[in-house]
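Number of protein chains: 2
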Amino acid sequence: MLKNRIPGEIPEKEELEMRLDRARTRLYELQMRIKEHKLPVLVLFEGWGASGKGSTIGRIIKNIDPRFFKVATMSAPSEEELRRPFLYRYMKQIPEAGKFTFLDGGWMEETTDEVLKEILSEAEYAKRIDSIKRFERQLTDNGYLVLKFFMQIEKKDQTARMERLLSDKDTAWRVSESDQWQNEHYKKCRKVFDRYLQDTNMSTSPWYIIDASDKKWAELQATELLVEGIEIAMQNSAHSVPILQNVFPLVKMPKLQEVELEGKVIEEEEYRKELKELQKKLGELHNRLYRRRVPVIITYEGWDAAGKGGNIKRITGALDPRGFEVHPIASPEPHEKARHYLWRFWTRLPKDGHIAIFDRTWYGRVMVERLEGFCSENDWKRAYNEINEFEKELSDWGAVIIKFWVHIDKGTQLARFTDRQNNPEKQWKITDEDWRNREKWDAYETAVDEMLQKTSTVYAPWHILESVDKKYARIKALRIVIEEIEKTLDRVK
Amino acid sequence: MLKNRIPGEIPEKEELEMRLDRARTRLYELQMRIKEHKLPVLVLFEGWGASGKGSTIGRIIKNIDPRFFKVATMSAPSEEELRRPFLYRYMKQIPEAGKFTFLDGGWMEETTDEVLKEILSEAEYAKRIDSIKRFERQLTDNGYLVLKFFMQIEKKDQTARMERLLSDKDTAWRVSESDQWQNEHYKKCRKVFDRYLQDTNMSTSPWYIIDASDKKWAELQATELLVEGIEIAMQNSAHSVPILQNVFPLVKMPKLQEVELEGKVIEEEEYRKELKELQKKLGELHNRLYRRRVPVIITYEGWDAAGKGGNIKRITGALDPRGFEVHPIASPEPHEKARHYLWRFWTRLPKDGHIAIFDRTWYGRVMVERLEGFCSENDWKRAYNEINEFEKELSDWGAVIIKFWVHIDKGTQLARFTDRQNNPEKQWKITDEDWRNREKWDAYETAVDEMLQKTSTVYAPWHILESVDKKYARIKALRIVIEEIEKTLDRVK
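Residue numbers (the numbering used here), protein chains in the order written: chain Y, 3 to 495; chain F, 3 to 495.
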């Protein structure tokens, strides 16, 4: 166990009661303060089977209004969840600003289980640890308080508790086969747990070992740590988080100014022929993707009126409707805004074998949110790396990631805006906001250039679609999608 | 097959192409009109295996912007879904106002499958048909366009198609075991399908039989019917829906005026003793519920400051946190408002064996939405029956439903409001809106009286909690919860 975090001795009964009383009252008071401060609090209970994770959570939440917390029991992932990246089901559970989520078991348990069952190789374990550390850091960097408790009991205590639970038919179901296995292989488990705790003990989300030999004493430790954690986090509210250096291999991208738009055209007849052939090809690949369970994520960003919609349609036109979904991304709804900005994208990830197309994306963070001041400078500067990490996660999961910037020049946009304005059937496509955004063209261009430079990674590069001739852009998009999918299918053959 | 709805002869090639062209163009135009009209369109494709449901959907959606539709393939329910009522996973899929959902297989397939596998008894089938008819009617009554297509092919065509699909490894997965079984038992299946089509052929959501012997011809029929359906629905937009007579057995409820509040008190010492005993008892019952997989739904409505929060806490304090969830209900978010008003409650239903507590509920429809004019008179008048039907569905599923009205008199409310106002620690609990609602006390009382009379069904009766003494109300609530759970557990023993 982490030597520096072992709890003290269990206090005398009287002192214990007194401290417990004080900690409970303080927690009760703090729930409203975290609401005011919009502090999201994620409390992870990990530890031995029968160490009392559930019952400790039960005791703690008695001091919190039921409207302010959720408890999630993370049993084995469902089939739906297994078809998504490892972190998917944990990301799904993160609390809204001002609320608590208590997790009974989590990403530690899932990982150590897989190590013990020898499902994870050493290399996979190392990768997993990286994912987890990034996940926790992204949460704390984005203002989450993440508290990690490991409930520690000795083998003999575990044996005694399991025997007691098993003796009553109403509680026997609480002892799982895996708990029993743990008990039989206590030493081996302890080694695996110890290593995991060491590997994921970060300064922003350290582990706290809870001596769980006594119920009240366990409650006291957890409540005091929770109270202390909240108080510290609230003092830190105006935090400025270090911007990490990029560690991912980048592909060099041109500046938008340097992108040659002229001459990127296609003849009508050739367009029709190519479109038909490419769509047929893509349709066939979709079948193969499905069978091999390869997930595909296609993202669209670009200037207003650049032709994103029509481009997407030429992709989806080739696909089996049972195997894809288009996600139009508008400004976040309240429950989305109240969480990590990537939450609404994590929760929209496709199942493996499926294709998700995002019509506008998480890159809103470094474009509209940056320019309209919807997030702080520290937030959007940090986002390049956070997004690279997010896409790394998707890529490691096995996803093909294809990112398009649909590009036109300012003159073309004006012509299309005017056309829309003058054409009653197209008027719905143009709003005052489009005109306002147009005024900020230069600022957007700077932001887009920076985004292209900083987030075009080898595993998720940007592709520029020259779209003054929309047909040219559609054919190019189809070609790129086909090529990228083929590359991956060849690799996983 | 339904005789009156059999499609005509397949037209000559030239006419077919011409009509197809016209129908596609019209559908393309209509997508913006449905957006303006906020018309939600649910298109259900049922029919024989290998009849081309998926590919017909694929052809139709080529005429619709990918941002305006979703396609859902309803394969066999997942384990998560099986732990919820039958309609849960279909309700989850209903479109937002102004959008399409296309379902590839749905509640017909699931039902006829269960009939063919002899899982459903005659009585269960009859009940299922009732559920489905109510579900579809509730959708159409609430402004949904529900189009139901049955894709018909003859046995020899089915055989030929399946053979073709099976001959290519990239398409072979599309032929399921169940498709093969169907083909072998074509006649038997046809009988079951026919009966289902007859049983669920309603004037507001009739069946359309599509002759699926030819792909383009199938597309033409479906597209023309879709276009026609949308055009008719848009003309009906200012619809007034008949208010159905109540068919559910009701429990007689007192008027709020008649509820005796005086003397409903409990001594501190007795309270403590009772609370402890009742909570212990409830905790034990929770274990039994879990093992027997009985779902419990507890709902709270009541006057502001009546003590709902504290009451809920005394219930949850007794429960294992892994087995319950509290849902605080505020005004709906945009994506919730854009759907049937019960959608956000359907999607929050507990798994069997779990307890869901709703802090405010679907009864908002006949209280705040009625009084503030957030819905039409026709809407809230219809809601009593819609809610009774919803709760009937839950009750038939096996849920224990416990509905509380937490009651105080006007004077008590004023005292509590004033106390909150004057107490800095409680000020967050009182808002201007509370004072405004208080001014409408009489109108609310009328609405509540009507609600209690019309929705206190035998299977989901209201319970009034006299809460001038909050402790009295808590003990009463615990007693009722225990009693109702025990009744059900005795029954399912």
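Ideal Cβ placement from N, Cα and C applies to all residues, glycine included.
Quiz item: Of all the options F:Glu19, F:Arg35, F:Arg21, F:Ser133, which has the alpha carbon lying nearest to the alpha carbon of Lys428 of chain Y?
Solution: Here the closest residue by C-alpha is F:Arg35.
Exercise. Determine the direct distance from the alpha carbon of Ile268 of chain F to that of Asp471 of chain F, and round the result to whole angstroms.
Key: C-alpha separation (whole angstroms): 7 Å.
Quiz prompt | chain Y contact for Asp51 of chain F (CB, 8 Å cutoff) | solution = The amino acid occupying residue 51 of chain F in the given sequence is Gly; Asp does not appear at that position. Gly51 of chain F has a beta carbon lying at 8 Å or more from every beta carbon in chain Y.
Quiz prompt | Segment contact, 8 Å Cβ cut-off, at least three pairs: the segment 356-371 of chain Y with the segment 296-308 of chain Y | solution = Enough Cβ pairs lie closer than 8 Å, so yes.
Quiz item: Identify the residues that DSSP records as bridge partners of Gln154 of chain Y: which are they?
Solution: Bridge partners of Gln154 of chain Y: Y:Asp213.
Quiz item: For Gly51 of chain F versus Ser180 of chain F, is the C-beta distance shorter than 8 Å?
Solution: Going by C-beta atoms, Gly51 of chain F is nearer than 8 Å to Ser180 of chain F.
Exercise. Check the Cβ of His342 of chain F against every Cβ in chain Y and list those closer than 9 Å, keeping chain order.
Key: For His342 of chain F, no chain Y residue has a Cβ inside 9 Å of its Cβ, as the nearest lies near 18 Å away.
Exercise. Identify every run of the beta strand (DSSP E) within the segment 268-322 of chain Y, keeping only runs that are complete inside it and at least 3 residues long; order them along the chain.
Key: Within the segment 268-322 of chain Y, the complete beta strand (DSSP E) segments at least 3 residues long are 298-304, listed from N- to C-terminus.
Quiz item: Is the beta carbon of Asn390 of chain Y less than 8 Å from the beta carbon of Thr459 of chain Y?
Solution: Yes, the Cβ-Cβ distance between Asn390 of chain Y and Thr459 of chain Y is below 8 Å.
Exercise. Output the residue ranges of the beta strand (DSSP E) runs that lie fully inside the segment 393-462 of chain Y and measure 3 residues or longer, sorted by chain position.
Key: Segments of the beta strand (DSSP E) lying fully in the segment 393-462 of chain Y: 402-409.
Practice problem: Identify, in the order they occur along the chain, each residue of the same chain with its Cβ nearer than 6 Å to the Cβ of Trp399 of chain F, setting aside the five sequence neighbours on each side. | Solution: Short of 6 Å from the beta carbon of Trp399 of chain F, and not among the five residues preceding or following it, lie these beta carbons of its own chain, in chain order: Pro87.
Quiz prompt | Validate contact between the segment 318-330 of chain F and the segment 275-293 of chain F using beta carbons, cut 8 Å, 3 pairs | solution = Look at the beta carbons and you see the segment 318-330 of chain F touching the segment 275-293 of chain F: at least three pairs across the two are nearer than 8 Å.
Quiz item: Mind checking whether Tyr92 of chain Y and Asn65 of chain Y have CB atoms under 8 Å apart?
Solution: With respect to the 8 Å criterion, Tyr92 of chain Y and Asn65 of chain Y are not classified as neighbours on the basis of their beta carbons.
Quiz item: Using the beta-carbon of each residue, which ones in chain F are nearer than 7 Å to Ile314 of chain Y?
Solution: In chain order, Pro68 make up the part of chain F whose C-beta sits under 7 Å from the C-beta of Ile314 of chain Y.
Quiz item: chain Y partners of Lys218 of chain F, CB-CB under 8 Å?
Solution: Close to Lys218 of chain F, with beta-carbon spacing below 8 Å, lies no residue of chain Y; the smallest spacing is near 16 Å.
Quiz item: Within the 8 Å Cβ cut-off, does His34 of chain Y reach chain F?
Solution: Note on residue identity: the sequence assigns Met, not His, to residue 34 of chain Y. Chain F places a beta carbon closer than 8 Å to that of Met34 of chain Y, counting this residue as a contact.
Exercise. Say whether chain F places a C-beta atom closer than 8 Å to the C-beta of Ser80 of chain Y.
Key: Cβ-Cβ to chain F under 8 Å: yes for Ser80 of chain Y.
Quiz item: Is it right to say Gln160 of chain F is buried, meaning 16 or more other beta carbons lie within 10 angstroms of its own, or is it exposed?
Solution: It counts as buried.
Quiz item: Going along chain Y, which residues have a C-beta under 7 Å from Ile59 of chain F?
Solution: Residues of chain Y passing the Cβ test: Pro323.
Exercise. Can you give me the Cβ contacts of Glu338 of chain Y inside the same chain, cut-off strictly under 8 Å, excluding the 5 residues immediately before and after it?
Key: Closer than 8 Å at the Cβ level, and outside the excluded window around Glu338 of chain Y, lie Trp345, Arg346.
Quiz item: Got a sec, what are the start and stop residues for the beta strand (DSSP E) Glu327 of chain F sits in?
Solution: Note, Glu327 of chain F: beta strand (DSSP E), 326-330.
Quiz item: On the three-state DSSP scale, how would you describe Ala52 of chain F?
Solution: Coil, per DSSP.
Exercise. With 8 Å as the threshold, decide whether the Cβ of His337 of chain F is near any Cβ in chain A.
Key: Protein chains in the displayed structure are Y and F, and chain A is not among them.
Practice problem: Could you list which residues in chain F have their beta carbon closer than 9 Å to that of Asp306 of chain Y, in chain order? | Solution: Chain-order list of chain F residues neighbouring Asp306 of chain Y: empty, with the shortest C-beta distance near 15 Å, by a criterion of under 9 Å.
Quiz item: Are Val494 of chain F and Arg384 of chain F touching if we call contact CB-CB under 8 Å?
Solution: For Val494 of chain F and Arg384 of chain F, no; Cβs fall outside 8 Å.
Quiz item: Would a C-beta distance cut-off of 8 Å place Gly60 of chain Y and Pro323 of chain F closer than the cut-off?
Solution: The answer is yes: Cβ separation under 8 Å.
Exercise. Using a Cβ cut-off of 8 Å (strictly closer), state whether Arg130 of chain F contacts chain Y.
Key: At least 8 Å separates the CB of Arg130 of chain F from every CB of chain Y.
Exercise. Could you tell me if Ala462 of chain Y is buried or exposed, where buried requires 16 or more neighbouring beta carbons within 10 angstroms of its beta carbon?
Key: Burial call: buried.
Quiz prompt | Contact under 8 Å by Cβ, Val73 of chain Y with Leu228 of chain Y | solution = In this structure, Leu228 of chain Y does not lie closer than 8 Å to Val73 of chain Y by Cβ.
Quiz prompt | Contact list for Val73 of chain Y against chain F, beta-carbon separation under 7 Å | solution = Under the 7 Å cutoff, chain F gives Pro323, Arg324.
Quiz item: Taking C-alpha atoms, which residue in F:Pro334, F:Lys171, F:Pro352, F:Gln182 lies nearest to Tyr292 of chain Y?
Solution: Among F:Pro334, F:Lys171, F:Pro352, F:Gln182, the Cα nearest to that of Tyr292 of chain Y belongs to F:Lys171.
Quiz item: So is Ser205 of chain F buried or exposed if we call it buried at 16+ other beta carbons inside 10 Å?
Solution: Exposed, since its Cβ has fewer than 16 Cβ neighbours within 10 Å.
Quiz item: In three-state DSSP terms, what is Lys72 of chain F?
Solution: Shown here, Lys72 of chain F sits in a strand according to DSSP, grouped into three states.
Self-check item: Straight-line Cα distance separating Ala401 of chain F from Lys257 of chain F
Solution: Rounded to whole angstroms, Lys257 of chain F to Ala401 of chain F spans 27 Å at the Cα level.
Quiz item: Does the beta carbon of Val298 of chain F sit closer than 8 Å to a beta carbon anywhere in chain Y?
Solution: Val298 of chain F does not count as touching chain Y.
Exercise. Measure from the C-beta of Asp361 of chain F to each C-beta in chain Y and report whether the shortest distance is under 8 Å.
Key: With 8 Å as the cut-off, Asp361 of chain F counts as an interface residue toward chain Y.
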